[in-house]
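If you read the sequences in order, they're chains F and L. Add 39 to the 1-based position in the first sequence for my numbering, that's all there is to it. Add 622 to the 1-based position in the second sequence for my numbering, that's all there is to it.
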Amino acid sequence: DAKTTQPPSMDCAEGRAANLPCNHSTISGNEYVYWYRQIHSQGPQYIIHGLKNNETNEMASLIITEDRKSSTLILPHATLRDTAVYYCITNNAGNMLTFGGGTRLMVKP
Amino acid sequence: EPEVTQTPSHQVTQMGQEVILRCVPISNHLYFYWYRQILGQKVEFLVSFYNNEISEKSEIFDDQFSVERPDGSNFTLKIRSTKLEDSAMYFCASSLIRDTGELFFGEGSRLTVL
């Protein structure tokens with residue numbers, strides 16, 4: 040799986056959009072981009088994934104650049120409960136996910 | 623909403639003892655996994671399981687570990703002779719289809735080896 044690079048931490052004001060970047064410059068053509076989050080040592084929670092096109096679900100939006108070398112997870116209206124570590128993972132091997140260090144997002148009132 | 627459940631939530635054991643961690647995956651899921659996270663470190667893949675056999679395993683999953691689906695609902699991780707370094711959160715996960723990174727994780731079992 041391609042290596043991903045994320046900032047170690049970010050802050051966001053409650054109610055504002057949280058934009059979490061991820062670089063995956065070595066991603067291969069058949070690798071998807073997955074986002075998970077982990078709230079205070081709970082189990083990782085799947086958020087969203089995509090291959091080429093931008094994706095949106097009830098939790099977040101995923102914007103993937105045209106060259107697929109980077110992506111951004113957008114939480115449109117962050118709440119205090121969105122405080123968590125967010126992991127960007129590229130994967131083509133199915134179920135064996137490789138978690139990195141992630142971005143620790145702190146949502147502040 | 624269906625969820626993966628794990629028991630116990632916390633287990634304390636003496637070094638050298640056997641431990642069994644239990645998981646009930648989402649009922650219609652066919653693929654099952656164990657991951658672990660040592661305190662302050664990354665989440666690490668241990669093993670995947672399908673059709674009553676191991677599909678993949680990592681280097682961490684050595685001979686002291688085993689997995690089993692003893693009945694139609696439970697999925698267990700056994701550690702035969704625990705070591706201090708086995709202290710970690712162990713997460714069970716399941717998925718509906720193969721070759722997807724969309725896994726559903728349980729809340730974890732914290733294992734403390736003294």
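By construction, the Cβ of each residue, glycine as well, lies at the ideal position given by its N, Cα and C atoms.
Within 10 angstroms of the beta-carbon of F:I78 lie fewer than 16 other beta-carbons, which makes it exposed. Counting only the Cα atoms, L:V735 lies some 5 Å from L:S709. Here L:S717 is buried, its C-beta having at least 16 other C-beta atoms within 10 Å. Residues of the segment 642-673 of chain L with a Cβ closer than 7 Å to any Cβ of chain F, in chain order: Y653, Y655, K664, V665, F667, S670. If you ignore the 5 residues before and after L:R702, its C-beta comes within less than 6 Å of the C-beta of E640, Q686, all in its own chain and listed in chain order. Contacts with chain F at 9 Å (Cβ-Cβ) do not include L:G694. Leaving aside the five residues that flank F:Y126 on each side, the residues in its chain whose CB is nearer than 6 Å to its CB run, in chain order, Y75, F138, G141. Per the coordinates, the alpha-carbon of F:A56 lies some 44 Å from the alpha-carbon of L:D684. Per DSSP, L:E678 is one residue of the beta strand (DSSP E) stretching across 675-679.
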